[in-house]
Amino acid sequence: MYNLVDADNTGIIAYSMGGYGTVVTVGGGLTQYALDQREGLFSTPKGTLDQYLSGSKEYLALADKRIKTAVTFAPAGMKRHFMDSNTTKGIRVPMLFIAGSEDDVVGYEEGVRALWKSASGVDRSLLTFEYANHNAGAPMAPPKEANVMSPDLGFNLSMHYLDPVWDNVRMNNISTHFITAWLGEYLKQDATMSSYFDLVPVSNDGKWSKDKNGMDKPDNTYWKGFPNRSASGLKLESLKAGS
-17 MYNLVDADNT GIIAYSMGGY GTVVTVGGGL TQYALDQREG LFSTPKGTLD
33 QYLSGSKEYL ALADKRIKTA VTFAPAGMKR HFMDSNTTKG IRVPMLFIAG
83 SEDDVVGYEE GVRALWKSAS GVDRSLLTFE YANHNAGAPM APPKEANVMS
133 PDLGFNLSMH YLDPVWDNVR MNNISTHFIT AWLGEYLKQD ATMSSYFDLV
183 PVSNDGKWSK DKNGMDKPDN TYWKGFPNRS ASGLKLESLK AGS
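Residue numbers (the working numbering): -17 to 225.
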């Protein structure tokens, strides 16, 4: 493994609570509200989160310059007010967010999308799987043992991994497509990768227009890298630093 990994030029990819931790790691510190919680599902022992208070000297000292970008699937935190539009301004690396429009766990409009919009200090994109829930792009299929009804929870445990609308393999392939392009642009500094994000925002609005040699015609607006009739049910939005 010697010399195969450049530890000074790295990125983070994480899901849900891992996404929450990633946001904190790359500069999106916590609110005072988060530190003060003493009851409920997200409470922690007193003092545990103090070092992550947004803007504090202790928190700023934790900055890791080796991390150059991050990708988060359905990151938690914003809906629960552990982060807000002020703390997220501290995010210091370009970020790709991936979410389902029907996420009822961490929230979409008030959760992931609000986090994406407010990270105004960096370039960032948001890939949305329309009608998907919290498992949008989840990176693994359910283990065989999970295919059992839980009498306590009232649902089949495999649904912890699956989305009721989207196929997991298709979501994973789409996520891999965009993550590869994102890391190519922001880790490998390959400017040509930006073309994979220069898209009409709603995939269904793209127009497939190719010549007989398969080359794009001037009016082609179909999502780059997607075969004809395959870019459906997706939305890709991008914002530059300062916007």
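Idealized CB from N, CA, C, for every residue including glycine. Being a predicted model, the structure only gives us computed values, none of them experimental.
Checklist entry - In chain order, which continuous runs of the beta strand (DSSP E) of length 3 or greater are located wholly inside the region 7 to 75? => result For the region 7 to 75, whole beta strand (DSSP E) runs of length 3 or above, ordered along the chain, are 49 to 55.
Next on the checklist: Can you give me the C-alpha to C-alpha distance between LYS217 and LYS28, rounded to a whole angstrom?
Outcome noted: Distance between the alpha carbons of LYS217 and LYS28: 41 Å.
Item to check | Reference ASP105; option with closest CA among LYS50, VAL88 and ALA43 | outcome: Closest option to ASP105, Cα to Cα, is LYS50.
Checklist entry - Shortest alpha-carbon distance to LYS206 belongs to which of LYS222, LEU221, ALA(-11) and LYS189? => result Of the candidates LYS222, LEU221, ALA(-11) and LYS189, the one whose C-alpha sits nearest the C-alpha of LYS206 is LYS189.
Next on the checklist: Using a 10 Å radius around the Cβ and a threshold of 16 neighbouring Cβ atoms, would you call ASP145 buried or exposed?
Outcome noted: Within 10 angstroms of the beta-carbon of ASP145 lie 16 or more other beta-carbons, which makes it buried.
Next on the checklist: Using CA atoms only, rank isn't needed, just tell me which of SER214, ASP198 and ASP193 is closest to ASP187.
Outcome noted: Comparing Cα-Cα distances from ASP187 to each of SER214, ASP198 and ASP193, the minimum goes to SER214.
Item to check | Residues near VAL87 in its chain [Cβ-Cβ closer than 8 Å; skip 5 each side] | outcome: Counting only Cβ-Cβ distances below 8 Å, and skipping sequence neighbours, we find SER(-2), ALA56, ALA58, ASN115 and HIS116.
Checklist entry - What does a CB cutoff of less than 7 Å around ASP32 pick up in its chain, not counting 5 residues either side in sequence? => result Excluding five sequence positions before and after ASP32, the CB atoms of its chain that fall closer than 7 Å to its own CB belong to LEU17, given in chain order.
Checklist entry - Can the beta-carbon of SER102 be found closer than 8 Å to that of LYS71? => result It is a contact, given that the beta carbons lie within the stated cut-off.
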